[in-house]
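Enquirer: These protein sequence lines are chains R and D, in that order.
With the first letter of the first sequence counted as 1, position 344 gets the number 344 in UniProt numbering; the numbers rise by one all the way through.
With the first letter of the second sequence counted as 1, position 78 gets the number 78 in UniProt numbering; the numbers rise by one all the way through.
Note that the Cβ used here is the ideal one computed from N, Cα and C, for glycine as well.
Fair warning: this is a prediction, and the values are worked out from it, not measured in the lab.
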Amino acid sequence: MDLNHPLLASAVDLLPPFPSSHPQIQRLDRSLYCQICKELFSGPVSIPCGHSFCSRCIRGSLEVMKKCPSCNEPASEGSIRRNRALEEIVDSWEEARPIIHGLTSNNSRKRSIMNTGPKNAFAAESTKRPRKESTSRSVSPVKQSSDKKEEIDGDADDMIALDPYTNMAESSEDVKASCPLCDITMPIRDISRHIDLGCQPIKPRPKSQGRENLKADWKKVFSGAGLVKGKDVELKKITKPNYSLATPAELRSVLQSYNLSTFGDKPALAHRVQEWILLYNSNLDTSHPKSLGALRAKLNEAEASRRRDKEKGREEMASELKTSDGLARYAQDTKGEFERLRREIMERDKKRVGSGAEAPIEIE
Amino acid sequence: MFGSNPRAQSSTATRRLMKEYRDITADPLQDSITAGPISEDNMLEWEALIQGPEGTPYEGGIFSAKLIFPPDYPLNPFKMIFEPPLLHPNIYPNGEVCISILHAPGDDPLRYESASERWSPVQGVRSVLLSVLSMLAEPNIESGANVECCKLYRDNKQEFERQVREQVKSLLGITENTE
Numbered sequence: 001m002d003l004n005h006p007l008l009a010s011a012v013d014l015l016p017p018f019p020s021s022h023p024q025i026q027r028l029d030r031s032l033y034c035q036i037c038k039e040l041f042s043g044p045v046s047i048p049c050g051h052s053f054c055s056r057c058i059r060g061s062l063e064v065m066k067k068c069p070s071c072n073e074p075a076s077e078g079s080i081r082r083n084r085a086l087e088e089i090v091d092s093w094e095e096a097r098p099i100i101h102g103l104t105s106n107n108s109r110k111r112s113i114m115n116t117g118p119k120n121a122f123a124a125e126s127t128k129r130p131r132k133e134s135t136s137r138s139v140s141p142v143k144q145s146s147d148k149k150e151e152i153d154g155d156a157d158d159m160i161a162l163d164p165y166t167n168m169a170e171s172s173e174d175v176k177a178s179c180p181l182c183d184i185t186m187p188i189r190d191i192s193r194h195i196d197l198g199c200q201p202i203k204p205r206p207k208s209q210g211r212e213n214l215k216a217d218w219k220k221v222f223s224g225a226g227l228v229k230g231k232d233v234e235l236k237k238i239t240k241p242n243y244s245l246a247t248p249a250e251l252r253s254v255l256q257s258y259n260l261s262t263f264g265d266k267p268a269l270a271h272r273v274q275e276w277i278l279l280y281n282s283n284l285d286t287s288h289p290k291s292l293g294a295l296r297a298k299l300n301e302a303e304a305s306r307r308r309d310k311e312k313g314r315e316e317m318a319s320e321l322k323t324s325d326g327l328a329r330y331a332q333d334t335k336g337e338f339e340r341l342r343r344e345i346m347e348r349d350k351k352r353v354g355s356g357a358e359a360p361i362e363i364e
Numbered sequence: 001m002f003g004s005n006p007r008a009q010s011s012t013a014t015r016r017l018m019k020e021y022r023d024i025t026a027d028p029l030q031d032s033i034t035a036g037p038i039s040e041d042n043m044l045e046w047e048a049l050i051q052g053p054e055g056t057p058y059e060g061g062i063f064s065a066k067l068i069f070p071p072d073y074p075l076n077p078f079k080m081i082f083e084p085p086l087l088h089p090n091i092y093p094n095g096e097v098c099i100s101i102l103h104a105p106g107d108d109p110l111r112y113e114s115a116s117e118r119w120s121p122v123q124g125v126r127s128v129l130l131s132v133l134s135m136l137a138e139p140n141i142e143s144g145a146n147v148e149c150c151k152l153y154r155d156n157k158q159e160f161e162r163q164v165r166e167q168v169k170s171l172l173g174i175t176e177n178t179e
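(1) Any residues in the region 323-353 of chain R with a beta carbon nearer than 7 Å to a beta carbon of chain D? Which ones, in chain order?
(2) Taking the C-alpha atoms as reference points, what is the distance between D/P93 and D/L87?
(3) Against R/Q35, what residues of chain D qualify as contacts under a CB-to-CB distance less than 7 Å, listed in chain order?
(4) Could you check where the beta strand (DSSP E) with D/I91 kicks off and where it finishes?
(5) Which residues of the region 69-90 of chain D have a Cβ closer than 9 Å to any Cβ of chain R? Give them in chain order.
(6) Please look up how many angstroms separate the CB atoms of R/P69 and R/S61, rounded, as I've assumed it's under 8 Å.
(7) Identify, in the order they occur along the chain, each residue of the same chain with its Cβ nearer than 7 Å to the Cβ of R/R81, setting aside the five sequence neighbours on each side.
(8) Express the C-alpha separation of R/G78 and R/G43 in angstroms, rounding to a whole number.
(9) Quick test of the definition: if touching needs 3 or more C-beta pairs under 8 Å, does the region 35-44 of chain D touch the region 96-104 of chain D?
(10) Less than 8 Å between the CB atoms is what I'm expecting for R/V64 and D/L133, so what's the real figure, rounded?
(11) For D/Y73 versus D/L129, is the C-beta spacing smaller than 9 Å?
(12) What is the rounded straight-line gap between the Cα of D/E159 and the Cα of D/S120?
(13) Taking only beta-carbon positions, decide if R/S20 is within less than 9 Å of chain D.
(14) Might you give, ordered along the chain, the residues of its own chain that have their beta carbon closer than 7 Å to the beta carbon of D/P85, omitting 5 neighbours on each side?
(15) According to DSSP, what are the bridge partners of R/C54?
(16) Between the region 270-282 of chain R and the region 294-309 of chain R, do at least 3 Cβ pairs fall closer than 8 Å?
(17) What is the rounded straight-line gap between the Cα of D/L172 and the Cα of D/G61?
(18) My output table needs one value for D/G52: the three-state DSSP class, helix, strand or coil.
(19) Let me make sure I understand the geometry here. Which of R/V90, R/L15, R/L28, R/Q35 has the alpha-carbon closest to that of R/C57?
(20) Would you please verify whether the beta carbon of D/A137 is less than 9 Å from any beta carbon of chain R?
(21) I need the straight-line Cα distance from R/H51 to D/I141, nearest angstrom please.
(22) The region 42-58 of chain D: which residues have C-beta closer than 7 Å to a C-beta of chain R, in chain order?
(23) Going by DSSP, what residue range makes up the alpha helix (DSSP H) through R/L197?
(24) Which residues in the same chain have their Cβ closer than 8 Å to the Cβ of D/D31, if we skip the five residues on either side of it in sequence?
(25) Please name the residue or residues paired with D/I24 in a DSSP beta bridge.
(26) Who are the neighbours of D/A145 on chain R, taking C-beta pairs under 9 Å?
(27) To the nearest whole angstrom, what separates the beta carbons of D/P70 and D/C149, a pair I think is in contact under 8 Å?
(28) With a threshold of 16 other CB atoms inside 10 Å of the CB of D/S11, please say whether the residue is buried or exposed.
(29) Which residues of chain D have a Cβ atom closer than 7 Å to the Cβ of R/G60, listed in chain order?
(30) Whose C-beta lies closer than 7 Å to the C-beta of residue 390 of chain R among residues of the same chain, with five residues either side of it excluded?
(31) Among R/L245, R/S244, R/I238, which residue has its Cα nearest to the Cα of R/L255?
(32) Is there at least one Cβ from chain D nearer than 9 Å to R/N72's Cβ?
(33) I'd like to know whether the C-beta atoms of D/L102 and D/K79 end up nearer to each other than 9 Å.
(34) Looking at the C-beta of D/P93, does it have a partner C-beta in chain R at a distance below 9 Å?
(35) With H, G and I counted as helix, E and B as strand and the rest as coil, what does DSSP make of R/I36?
(36) For my contact list, D/A137 and D/P53 are in at a C-beta cut-off of 8 Å; report their separation, rounded to the angstrom.
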């Protein structure tokens, strides 16, 4: 498979599977996949029968049929409950997965993996699924669980409070090692920051500033500065309108209240509202929700890809019509339709002439 | 024709199909089935090759089928069309497979099939192809697609099997004379 192809590019971040030599781990891994999208749960929820799915997946499925996709027990959107334990498990598995994957895929390299732990974590970081863009995580697996709360906020720029690298390897203050990527020698404690910055030279951090920085950072936390993006997520689910009764104006006002495009006819509007409610409501079922801006971008992207599909179809059609073969085939395919239309017009004209009414078009 | 283009998000479907494709390649179904997208430009069209199950008149044949996925896959099932059409009670004369697992949840007004046999998003290419394999071995004439073929199967099974074998041979390019 050529993974450089644009179509497949979206799928390159699929997680690598575990080798069949470790069936137990394969089973553990499989059990954390949503049965609908076949990816790791994102915002997992449970329905009354006890089955769990991604919030987005089951909400979409319940719109098509009001049953559990696995066991056909009746289910409805109102009965969806967040599964916080499962979410925690999936989150920790997502962090642990690259490490365990490294261990299983090459036992002989075990030692070197242990040594280049940060490197592996870095690789994992770059292949992470989009919802993880909110990482301001440390690379040390031990520390990761403790700074969970920071995930809600945005980019690494908003990184609040403690530098995650400060207490990594405190004991080895003066030990030097070479970077696994570019082989430059530097103190061990700087390596992970160096890799995260794309192998830029690391300036020694001024130690004296520590206290003031901490103070300023805490100030930021209390003033809510680091949470700007999370702030506009209201914690209320949108109630679905009745799409068959709603007027285009009503749909437009819903869209307007969320700053969405109000362009298009009623089916297009209804589709947009539906998709938005799906995105919005499922976004409330996770402990690392995205900002409304990110959701909007996602909605636009989906619409753009749909439009692209449409245009692609048209282009294909047009290029087909350009070839004489294609034209002949098109004529063949639509011959019946053409004949029907021709007959209809002939009959209509005949009727007009027959009834003696003044035909608006003179037929010679 | 211009308007027939899908108007739903394709990326979800594409992603899921990528995943299914990778899983099928990594862990082949059985030796008797392979499947994959025809071209990388369009993940929504696959080709499947199925080997006729042993102990059935289809034994020895290799049948190719087209899988056509809707843009809202996996919420709705895909279509499976044998090319060229295969003689079988549950395959329409145009080659389309009629099997309950490929029927959308909401289009059975007669309530003929129980809901548990219908499509649901947890199904996938793998489970459907396995069902088709068992369908080849055991036709279901109660809900036939090809009525003539159903009748033949019910009234004169030997003739049915002879015709199938003949078809298998001609598909493989072997005629009676060369044997």
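Expert: According to the data block:
(1) none
(2) Residue mapping note: residue 93 of chain D aligns to position 93 of the second sequence, counting from 1. Residue mapping note: residue 87 of chain D aligns to position 87 of the second sequence, counting from 1. So the alpha carbons of these two residues sit roughly 8 Å apart.
(3) One-based indexing of the first sequence puts residue 35 of chain R at position 35. V122, listed in chain order.
(4) Locating residue 91 of chain D in the second sequence gives position 91, counting from the first residue. Premise fails: D/I91 is in no beta strand (DSSP E) and is neither H nor E.
(5) Listed in sequence order: P71, D72, P74, L75, N76.
(6) The residue labelled residue 69 of chain R in the question sits at position 69 within the first sequence. The residue labelled residue 61 of chain R in the question sits at position 61 within the first sequence. Confirmed, about 5 Å.
(7) Numbered from its first residue, the first sequence carries residue 81 of chain R at position 81. Hits under 7 Å: V45, S46.
(8) One-based indexing of the first sequence puts residue 43 of chain R at position 43. One-based indexing of the first sequence puts residue 78 of chain R at position 78. Cα to Cα, the separation comes out at about 16 Å.
(9) no
(10) Numbered from 1 along the first sequence, position 64 holds the residue referred to as residue 64 of chain R. Numbered from 1 along the second sequence, position 133 holds the residue referred to as residue 133 of chain D. Going by Cβ atoms, the distance from R/V64 to D/L133 rounds to 27 Å, so no, they are not a contact pair.
(11) As a first step, residue 73 of chain D is located in the second sequence; it is residue number 73 there, counting from the start. As a first step, residue 129 of chain D is located in the second sequence; it is residue number 129 there, counting from the start. Pairing D/Y73 with D/L129 gives a Cβ-Cβ distance that is not under 9 Å.
(12) One-based indexing of the second sequence puts residue 159 of chain D at position 159. One-based indexing of the second sequence puts residue 120 of chain D at position 120. The straight-line gap from Cα to Cα measures roughly 37 Å.
(13) The count along the first sequence starts at 1 and reaches residue 20 of chain R at position 20. So yes, R/S20 belongs to the interface.
(14) Working through the second sequence from its first residue, we reach residue 85 of chain D at position 85. Here the set comprises I91, P93, N94, G95.
(15) Translated into positions along the first sequence, residue 54 of chain R becomes position 54. Its beta-bridge partners are R/P44.
(16) yes
(17) The residue labelled residue 172 of chain D in the question sits at position 172 within the second sequence. The residue labelled residue 61 of chain D in the question sits at position 61 within the second sequence. Spanning the two alpha carbons is a distance of roughly 7 Å.
(18) Along the second sequence, read from residue 1 onward, the residue named residue 52 of chain D stands at position 52. Residue state for D/G52 is assigned as coil, using DSSP reduced to three classes.
(19) The residue you call residue 57 of chain R lines up with position 57 of the first sequence. It is R/Q35 whose Cα lies nearest to the Cα of R/C57.
(20) For the purposes of this step, residue 137 of chain D is taken as the residue at position 137 of the second sequence. For D/A137, the answer is no, since every Cβ of chain R falls outside 9 Å of its Cβ.
(21) Within the first sequence, the letter at position 51 stands for residue 51 of chain R. Within the second sequence, the letter at position 141 stands for residue 141 of chain D. In a straight line, the C-alpha of R/H51 is about 35 Å away from that of D/I141.
(22) The region 42-58 of chain D vs chain R, Cβ under 7 Å: M43.
(23) Residue numbering aside, residue 197 of chain R sits at position 197 when the first sequence is read from its first letter. From DSSP, R/L197 is part of no alpha helix (DSSP H); its letter is neither H nor E.
(24) Position 31 of the second sequence, counted from the first residue, corresponds to residue 31 of chain D. Same-chain partners within the cutoff: Q51.
(25) As a position in the second sequence, residue 24 of chain D is number 24, starting the count at 1. None, per the DSSP bridge assignment.
(26) Reading the second sequence from its first residue, position 145 is the one you call residue 145 of chain D. Within 9 Å Cβ-Cβ: nothing; D/A145 doesn't reach chain R, min ~23 Å.
(27) Working through the second sequence from its first residue, we reach residue 70 of chain D at position 70. Working through the second sequence from its first residue, we reach residue 149 of chain D at position 149. That belief does not hold up - the Cβ atoms of D/P70 and D/C149 are roughly 27 Å apart, past 8 Å.
(28) Within the second sequence, numbered from 1, the residue matching residue 11 of chain D stands at position 11. D/S11 comes out buried.
(29) As a first step, residue 60 of chain R is located in the first sequence; it is residue number 60 there, counting from the start. Residues of chain D passing the Cβ test: L75.
(30) Past the edges of chain R, shown from 1 to 364, lies residue 390 of chain R, and the structure says nothing about it.
(31) Position 255 of the first sequence, counted from the first residue, corresponds to residue 255 of chain R. The shortest Cα separation from R/L255 among R/L245, R/S244, R/I238 belongs to R/I238.
(32) Position 72 of the first sequence, counted from the first residue, corresponds to residue 72 of chain R. So, interface residue.
(33) For the purposes of this step, residue 102 of chain D is taken as residue 102 along the second sequence, with counting starting at 1. For the purposes of this step, residue 79 of chain D is taken as residue 79 along the second sequence, with counting starting at 1. Cβ distance < 9 Å, so D/L102 and D/K79 count as in contact.
(34) Working through the second sequence from its first residue, we reach residue 93 of chain D at position 93. For D/P93, the answer is no, since every Cβ of chain R falls outside 9 Å of its Cβ.
(35) By 1-based counting over the first sequence, the position of residue 36 of chain R is 36. In this structure, R/I36 counts as coil in the three-state DSSP scheme.
(36) Here residue 137 of chain D refers to the residue found at position 137 when the second sequence is read from its first residue. Here residue 53 of chain D refers to the residue found at position 53 when the second sequence is read from its first residue. So it is a contact: roughly 5 Å between Cβ atoms.
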